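Asker: The structure follows.
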Amino acid sequence: MTETNPFIFYPDTKLNETASARPVDAGLLDIGRRLLAAAEEARAYGLAAVHIGVVAPVAVVSLGDPSTRDYRVLYNPRVVSTDGPQEIGPEGSVSMPGIEVDVLRAHSAVIAFDDEAGQGQELALSGFPARVAQHEIDQVNGVFFLTKISRLKREAAIRRFAKLGRR
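So my numbering is basically just the index in the sequence shown, starting at one, shifted up by 1.
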């Protein structure tokens, strides 16, 4: 991590660590502020705290139209349920810039999380916002998006990333 680029990069082992749920406190709120600033700066659709090097149960997701960024900070996020058809869609990560792969995800998801006050909330999402939320909640749980694709496609993506000279 540097001042100009706050993100950790694949294959950093932190990307495989699961963040344990905990009460929303000043420490988590600070991580949420830093994560939101990083998402805004990068114009990311979503980020998990681990992307800035902190294994914590915090994610930022853009809930609106993909052309805009309507960010929500989620503390202790989890997927409650998924519904609808499974759809293939492109996904990438700030921890693996320049790489995008097609990932199969549910079209709709109900997510639960704590807000800044520590109050439980639920949101029903569909389409792109549901994909972003599922992707970032997976990452909070130590599931990097490449694990959602076949071994051959994963190895090809890793080779492409290495060729970009970012590893």
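We put the CB at the ideal spot given by N, CA and C, even for glycine.
Bear in mind the structure is a predicted one, so any value in this text is a computation, not a measurement.
1. Going by C-alpha to C-alpha distance, which of 55, 93 and 166 sits closest to residue 7?
2. Tell me the start and end of each unbroken beta strand (DSSP E) in the region 70 to 132 that is at least 3 residues and wholly inside, in chain order.
3. For the alpha helix (DSSP H) that contains residue 40, what are its first and last residues?
4. Return the chain-ordered list of same chain residues with a C-beta closer than 7 Å to the C-beta of residue 150, the five sequence neighbours on each side being excluded.
5. With a threshold of 6 Å on Cβ separation, who are the neighbours of residue 20 within its own chain once the five nearest residues in sequence on each side are excluded?
6. Put residue 151 into one of helix, strand or coil per three-state DSSP.
7. Looking at the strands, I want to know which residues DSSP matches up with residue 47.
8. Does DSSP classify residue 138 as helix, strand or coil?
9. State yes or no: is the C-beta of residue 146 within less than 8 Å of the C-beta of residue 139?
10. Would you report the Cα separation of residue 158 and residue 112, rounded to the nearest angstrom?
11. By Cβ distance below 6 Å, which residues in the same chain neighbour residue 99 in space, the five residues on each side in sequence not counted?
12. Could you compute how far the alpha carbon of residue 126 sits from the alpha carbon of residue 161?
13. Tell me whether residue 156 sits in a helix, a strand or coil according to DSSP, three-state version.
Answerer: According to the structure shown:
1. Working through the sequence shown from its first residue, we reach residue 7 at position 6. When only C-alpha atoms are compared, the closest one is 55.
2. 72 to 93, 101 to 115 and 121 to 127
3. Position 39 of the sequence shown, counting from 1, holds the residue named residue 40. That run of the alpha helix (DSSP H) goes 27 to 43.
4. For the purposes of this step, residue 150 is taken as residue 149 along the sequence shown, with counting starting at 1. If we look at residue 150 and ignore the five residues flanking it on each side, its Cβ neighbours are 102 and 104.
5. Counting from one through the sequence shown, the residue named residue 20 turns up at place 19. Taken in chain order, the residues that qualify are 56, 57, 58 and 141.
6. On the sequence shown, position 150 is the one that residue 151 refers to. Correct three-state label for residue 151: coil.
7. One-based indexing of the sequence shown puts residue 47 at position 46. Per DSSP, 62.
8. The sequence position of residue 138 within the sequence shown is 137, counting from 1. Helix, per DSSP.
9. In the sequence shown, the residue the question calls residue 146 occupies position 145. In the sequence shown, the residue the question calls residue 139 occupies position 138. For residue 146 and residue 139, yes; Cβs fall inside 8 Å.
10. In the sequence shown, the residue the question calls residue 158 occupies position 157. In the sequence shown, the residue the question calls residue 112 occupies position 111. C-alpha separation (whole angstroms): 29 Å.
11. For the purposes of this step, residue 99 is identified with residue 98 of the sequence shown, where counting begins at 1. The residues are 165.
12. Taking the first residue of the sequence shown as 1, we reach residue 126 at position 125. Taking the first residue of the sequence shown as 1, we reach residue 161 at position 160. Cα-Cα distance, rounded: 32 Å.
13. Position 155 of the sequence shown, counting from 1, holds the residue named residue 156. Helix at residue 156.
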